[in-house]
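Residue numbers (the numbering used here), protein chains in the order written: chain H, 187 to 635; chain S, 187 to 635; chain V, 187 to 635; chain R, 187 to 635.
Positions of the beta carbon are idealized from the N, C-alpha and C atoms, including for glycine.
Quantities reported herein were computed from a predicted structural model and do not represent experimental measurements.
Number of protein chains: 4
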Amino acid sequence: MSNGLNSFLFSTPEMSRIFAAQAHLRAMVRFEWALTCALEKQGLAEPGSESVLASLLDAAFVDVDQLELKARDVGNIAIPFVRQLTAAVKARDERASYAIHLGATSQDVIDSALVSQIRDALHLLNGAIGQLDTALVAQVRAHRETLLTGRTWLQPGPPTTLGLKLSGTLAALRRSRDRMHSAAERTLVLQFGGAVGTLAALGTAGTAVSAELARILELREPELPWHAQRDNLAEMVQVIATLTGSLAKFAQDIALLMQAEVGEASEGVRDGHGGSSTMPHKHNPVACAAVVAVHARMAGLVATMLNAMPQEHERGLGLWQAEWELVPEVFQLASASLAYSLEIAENLQVDATRMRANFDALLGLTLSEAVSVALAPKIGRSAANDLLRKATTRAAKERRHLREVLMQMPDITAHMTHEDIEALMDPGAYLGSTQKFIARVLGEPDAHS
Amino acid sequence: MSNGLNSFLFSTPEMSRIFAAQAHLRAMVRFEWALTCALEKQGLAEPGSESVLASLLDAAFVDVDQLELKARDVGNIAIPFVRQLTAAVKARDERASYAIHLGATSQDVIDSALVSQIRDALHLLNGAIGQLDTALVAQVRAHRETLLTGRTWLQPGPPTTLGLKLSGTLAALRRSRDRMHSAAERTLVLQFGGAVGTLAALGTAGTAVSAELARILELREPELPWHAQRDNLAEMVQVIATLTGSLAKFAQDIALLMQAEVGEASEGVRDGHGGSSTMPHKHNPVACAAVVAVHARMAGLVATMLNAMPQEHERGLGLWQAEWELVPEVFQLASASLAYSLEIAENLQVDATRMRANFDALLGLTLSEAVSVALAPKIGRSAANDLLRKATTRAAKERRHLREVLMQMPDITAHMTHEDIEALMDPGAYLGSTQKFIARVLGEPDAHS
Amino acid sequence: MSNGLNSFLFSTPEMSRIFAAQAHLRAMVRFEWALTCALEKQGLAEPGSESVLASLLDAAFVDVDQLELKARDVGNIAIPFVRQLTAAVKARDERASYAIHLGATSQDVIDSALVSQIRDALHLLNGAIGQLDTALVAQVRAHRETLLTGRTWLQPGPPTTLGLKLSGTLAALRRSRDRMHSAAERTLVLQFGGAVGTLAALGTAGTAVSAELARILELREPELPWHAQRDNLAEMVQVIATLTGSLAKFAQDIALLMQAEVGEASEGVRDGHGGSSTMPHKHNPVACAAVVAVHARMAGLVATMLNAMPQEHERGLGLWQAEWELVPEVFQLASASLAYSLEIAENLQVDATRMRANFDALLGLTLSEAVSVALAPKIGRSAANDLLRKATTRAAKERRHLREVLMQMPDITAHMTHEDIEALMDPGAYLGSTQKFIARVLGEPDAHS
Amino acid sequence: MSNGLNSFLFSTPEMSRIFAAQAHLRAMVRFEWALTCALEKQGLAEPGSESVLASLLDAAFVDVDQLELKARDVGNIAIPFVRQLTAAVKARDERASYAIHLGATSQDVIDSALVSQIRDALHLLNGAIGQLDTALVAQVRAHRETLLTGRTWLQPGPPTTLGLKLSGTLAALRRSRDRMHSAAERTLVLQFGGAVGTLAALGTAGTAVSAELARILELREPELPWHAQRDNLAEMVQVIATLTGSLAKFAQDIALLMQAEVGEASEGVRDGHGGSSTMPHKHNPVACAAVVAVHARMAGLVATMLNAMPQEHERGLGLWQAEWELVPEVFQLASASLAYSLEIAENLQVDATRMRANFDALLGLTLSEAVSVALAPKIGRSAANDLLRKATTRAAKERRHLREVLMQMPDITAHMTHEDIEALMDPGAYLGSTQKFIARVLGEPDAHS
């Protein structure tokens, strides 16, 4: 019901097309056409019926205003849709209209049309994930040794590298891709059960028609109709929300690095991008904001899908309807999240000098752990920790580099030389398994050795 | 981003108009026009500027495609909108364009336009609440003594009346109306603070312009700008979700009463209403389903509003954007919920005979409490309860009326005569304070005595 | 923070034990012990340290009051916990304490302990799923031909069988089991990264220690630490919420069938079960209510997990903490849902006679589709539908059986004999693919032919 | 069901006491005692019954293990609780036990006990709000002129003051206090309706008993029982979540200001506070994290309350139960949020020098708007904006102060002198209505003139 003015932030044109009214109606005609094909093959529809329906696959016959008007009375668009389709077919060949929708119920055509749209939507999302994977791999490679401050609780810690930071996103992206694949296996199935899921109207031909229908629509045939079992759709929506969650983490980190006082990375500037209505100097992280905004909307939608699961008996009252606008919305939101994430990943501006300068400005305090660890075997981790807490407190208070303070503390110099201390103050030497972790994510040979 | 095909279920045409793209743009022009008026009054805009903007209030000058294209770069539609407005004004009178948007930031125009739309939307909702109140009052009056089975845990209990049942909904509706009124007091306020909420660009004239702007837009002036303080909007959305929750309870009860095996009430049949695509005999509770579906979507939207509250610093990153499509959606959903609820309340079909028959079919078991209570002063509530549990178990097992069983139990007849028992088996005599409660809700004189 | 009085509804004793304070602390000691083992193997801990920690695996040394007091200052229990552990070890052997927690950060021990608890919790859940599967299979087999009214929109439709109805739940349960298995593959991984996920404190020994630690704890080693990448935990919680959603659908259907006016099935009565505090006659569907209640709480918890995903940088501020009480809660809720579902499935009382009587009471109206379908090849589905709508309206109005009405309609009898009509009025003959669907779910030979 | 180890973050000891098991049971005894008083007054209980119950008000008689065991069978603790109470009374005076719980249903005692606990909880929260108000007022006063960078989209903008920033939180806090007051008016009402809300068991004495019971319990009497109308409770929970949302915004801003690279404010350091398990130098924003964590959990709980609203008929199945542990949790979370917020507000360390230095480090770019506004009356806002965008781009590129760049741009100097430019570069002169806004929030005389 959105008026579309803000769609630039919450969808992509390609994804919006998949779920547009016309595409929706075409997916419904396609279901009815495929059903007629399957019925005809079983001798349940007049020979030649299929070709009449085939001529209507563009859904141009649909009178949308009339459709909506009638839908208000009967509760869904499938009923007036089938009526309009029947009239259109009848106008061409009366007997071709006899078996239209035979064996099916409204929910069969609505759900199966949705599943077909989801298949197309997943295709788009998978393409976008592939592009983002490529962009992230390039950045991880470029910045595998780009040192920056590691941050926890929004406070500085020991160093890490930008490559490792982005590897976390890359690995999460791939887990999401795997989850989407598994969910697709379960979700991309035909819905076809008739009024109460028994296919009673087709007598003994039910499963034969069902199998053929699935084949034509290029969907798998489920074990049994799933009118009131919505777990697969719920899973699909959840899996996508998990993806946008990982992307929001990525975007938010970039926005934090892009703060003027941090200035370590930025979205990348193009002409006109990120301007302000009042502040001529501003460069706003528009893409980051979009990715954050999308995910902020997702959790609520997932909650609705879960709450809508207990649908009554053979087909429920109201909860199914609650899914209708939501599933397309989820895919549109995800498409925007991926598009903006790609924009960030491809155009990321990195200021490695600033990263190092910010780290150095911390007076070596964030390397206190390195010293503590070096002392631990001699005096115990606990005592070492206490000693370093004293040293860092003094360094911070006097605004002197930790190196100097340490060199003046007898408790320290009793155990290490000035050269030892100097070596411990090199952030590049305190990266532990960073390169091994990156190598694993990049799938480099021997990464797991 | 919904394609609109299912809007029949999730909005009303009137509410959709309030939040349509053109109305949205007109509300934005109106803000800029009013700002120019206020600035002109303070000598901050060229005399006569206002009249040039007044000629553009229909927003016909806006090139929507261009707007969306540019919005993608800068993150909101206000920036290109102000640019298009400036160009349109300039084409008419260059100097009239000089002060456009002066002192304001994008969020000022977007938020204030939204608040104006909310005011219109609340007006619609309040009208609908008034109609529903009237319809419910009529039904409460008509059915204040219409006896039906009280049900708890979806199991039958002692009798109640339909009037009392509907009084609960009526009282809740009125509490929602009160909540909406309080929330409106807080929410219907101007947003005007400039870049960081100081109105710095207006020097010392800030609050004078702000007061005048509020006056023209017929909004209250807040204590201070609220760019990153979203509690009022969050409250508004919550209050509306609470309303749809009470309506969902109402609709679900009707749908339950409408089950064929219960058959005590129904939505009301009109021609063509509630038909099925496959089952010629069906009469579906379409309006009930709509009201249930609307509320099923609300909780998730409220969760999003709450999660979007911690917006950073003077204006946040992403969470504000998360509200954009959501607030209009909430009002549209609520309008549908009220419209369908009104349909149910006005056309409710009540089968009082069936209500009584269903009650009687329970063999008097649901009046066991009445007997137990009558016995309690003699043998204690606990012992009475145990005795009645025995009696009802026997009655149920032997499928005999509780009356007969009781009359044959010496432990019972030791304390009460057959006449006593007979009297206790009259459901109409076991309604306690029902009429007093109804009188209170109807505001009848002496109701609270 | 619940006071535990209502735990009977929202957990099982077994699951509560897994997440109890002592178990939580023991899992934390176990992590530190295993880390010491791994360090010792790499020569990073004093030989023999491991055996000192091994003697503390029962966590009896922990002073819980002191732990909580200190936790308030530092933000988590791991920091005071490590201090208490260090003191306890020191008291036994000072040098054994030197390497305690070496290389690890608070989140490593908290997350890894949680993952270990999740492994145990999943083991419990999988056992319960297995039992429920068995119980459902038995009920599907017992009732594969037990005919009852199919219901859509809470209105009666053509017949189905209880076996088919329960097959839907059985198939959904198995999909949930598969999802849990996939999620477990991803989730049951070690957390071990040190302060910022580089394992810097371990120098070049990081991955060797990590691998050994994982081996000892019987967890997989992830590609890299996941301190701020929470997708796996979010997935796990969602997968479990999907399970409780399918169970809520099952329980709600049983509660609806258990309504006095329907009376087709019930939870099963045991002594004292389902009584009321006031109504001696009542038998409440307690188990159904529990399963519904559990799921009603799940969606909100899932929303929180998703909203908590964007954790800042290397380890976030606040959102990680938001998970702490929630993940255990989700497992406890799920355990209750499964336990109560098992109670329903094993003790289900079925009244097949009432099922048939309820169906017959509908005057054949719900078989109108069967007649319509039989007519369709002769006059078209649409015309047939119109004809049957006329017939059912008349039958309902006159309260006569559809059979009689049809036999008196010339438009009908022109196409079918009285014998034809009679045959079409047999619900047992209008079950279509019901048995095939059941056979597929039961995995019977040739089910998919 | 939490094991309590993390309660330090998610409750306060005072609030936990209000909702502890014993307090819960005492509130239930109190209800039953008050009911006996009211019944006795109406001649419905044996004279003197009241005093027997009065002797049991400490709930010491309750056998909690037994209570939970029985609760599992009957679905709530009220039923076995009433049984235990009856036995305890009987042991003292048999006839005093006869009228125990007369007229009431389980939900009456459970809901009314909860409402009493909520009253106590609100008292605590209101006290904490008062303290936080005082602390914020002090900080606003102290820092009303403390200049710092205004930030939007996490990017620097024109200046604001810390006083104005905190005024936003103060105003929001007061709106929350008002909302809580309104919600309390509606929520703090007795629940008393008997089995189906008619008070049938009390015959004509229902409302008299109800009025007296309300009086004794110091709760208002509602128009009618609200067993299945949960809007007031839903409102209460939402209002509290709105409060924690405003606090989370406050805490998150402080955490952002506390980033090492920003360093403008911090939580305040006390001994041992905010330490790290591994990093000796760390000072973590523990209180900020707690406030953020609390709110992250709230939205989901609110969603559950809203989803739980459509409770069936006179008393529902499962959704009521879903509220049980959630309402206490919400109050406990809010108490923690307020306690930690108070800690932040009272101990806030402000580095005004760093604030100014950070602002100055921006080379005057964030004052470009001031220059733009000064130019607008001469060349139009749009042309002025373009000019300043050019100037700021150049300044940023060449890393020179905007002042210098402007002084060298003929398009600028044509309209303003060097003195004009210099004056515009003074952040203290570009604060607009800041002091007026603060004065309004502080309620200073003439603030609204």
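| Query | Result |
| --- | --- |
| Other residues of its chain near residue 369 (chain S): CB distance less than 6 Å, five sequence neighbours each side excluded | 421, 422, 425 |
| Buried versus exposed call for residue 687 (chain H) [16 or more other C-beta atoms within 10 Å across all chains shown] | With chain H represented from 187 up to 635, any question about residue 687 (chain H) goes unanswered, as that position is not in the structure. |
| Within-8 Å CB hit, residue 447 (chain R) to chain A | Annotation note: the requested chain A is absent from the structure, which comprises protein chains H, S, V and R. |
| Below-8 Å beta-carbon distance, residue 471 (chain H) vs any chain S residue | yes |
| Contact with chain V by residue 227 (chain H), beta-carbon distance below 8 Å | no |
| N-terminal and C-terminal residue of the alpha helix (DSSP H) that residue 603 (chain H) is part of | Here residue 603 (chain H) belongs to no alpha helix (DSSP H), and DSSP marks it neither H nor E. |
| Given 8 Å, three or more beta-carbon pairs between the region 574-594 of chain H and the region 282-299 of chain H | no |
| Beta carbon proximity, residue 192 (chain H) to chain R, threshold 8 Å | no |
| Span separating the alpha-carbon of residue 386 (chain R) from that of residue 556 (chain S) | 8 Å |
| Residues, ordered as in the chain, of the region 255-288 of chain H that lie near chain V by beta-carbon distance below 9 Å | 261, 268, 269, 272, 273, 276, 280, 281, 283, 284, 285, 286, 287, 288 |
| Validate contact between the region 220-228 of chain H and the region 547-561 of chain H using beta carbons, cut 8 Å, 3 pairs | no |
| Nearest-angstrom beta carbon gap, residue 427 (chain R) and residue 478 (chain R) [assumed within contact, 8 Å] | Not quite, the Cβ-Cβ distance comes to about 14 Å (not below 8 Å), so this is no contact. |
| DSSP state of residue 375 (chain R) mapped onto helix, strand, coil | strand |
| Buried/exposed call for residue 535 (chain S), threshold 16 Cβ in 10 Å | exposed |
| Beta-carbon proximity list for residue 284 (chain H), same chain, < 8 Å, skipping 5 on both sides | 231, 232, 235 |
| Integer Cβ distance of residue 330 (chain S) from residue 347 (chain S), believed to fall under 8 Å | 6 Å |
| Residue of S:571, S:553, S:573, S:628 minimising C-alpha distance to residue 608 (chain S) | S:553 |
| Cβ neighbours of residue 649 (chain H) in the same chain (closer than 6 Å, five flanking residues each side left out) | For residue 649 (chain H) there is no data in the structure shown, the boundaries of chain H being 187 and 635. |
| Option nearest residue 476 (chain V) by Cα separation, candidates R:201, R:194, R:261 | R:261 |
| Cβ-based burial, residue 249 (chain R) [other Cβ within 10 Å; buried from 16] | exposed |
| Cα-Cα separation between residue 613 (chain S) and residue 508 (chain H), rounded to whole angstroms | 39 Å |
| Pick from R:483, R:496, R:212 that is closest to residue 490 (chain V), judged by C-alpha positions | R:483 |
| Whole-Å CB distance - residue 315 (chain S) paired with residue 505 (chain S), under 8 Å assumed | Between residue 505 (chain S) and residue 315 (chain S) the Cβ distance is about 30 Å, and since that is not below 8 Å, they are no contact. |
| Residue 605 (chain V), buried or exposed, once every other Cβ within 10 Å from all chains shown has been counted against 16 | exposed |
| Contact between the region 393-401 of chain S and the region 444-456 of chain S (3+ Cβ pairs under 8 Å) | no |
| Rounded distance between the beta-carbons of residue 313 (chain H) and residue 486 (chain S), thought under 8 Å | With 8 Å as the limit, residue 486 (chain S) and residue 313 (chain H) do not qualify as a contact, their Cβ atoms being about 28 Å apart. |
| C-beta atoms of residue 502 (chain R) and residue 414 (chain R) nearer than 8 Å | yes |
| Simplified DSSP assignment, three categories, for residue 551 (chain H) | helix |
| Residue range of the unbroken beta strand (DSSP E) whose run includes residue 336 (chain V) | 333-338 |
| Through-space distance from residue 197 (chain H) to residue 195 (chain R), alpha-carbon basis | 38 Å |
| Strand pairing of residue 536 (chain S), partner residues [DSSP] | S:451 |
| Exposure of residue 244 (chain S), with buried meaning 16 or more beta-carbon neighbours within 10 Å | exposed |
| Opposing strand residues paired with residue 341 (chain S) [DSSP bridges] | S:338 |
| Residue 436 (chain R) to residue 353 (chain R) span [Cα, whole Å] | 11 Å |
| Unbroken stretches of the alpha helix (DSSP H), 4 residues or longer, contained in the region 260-347 of chain S | 264-278, 292-328 |
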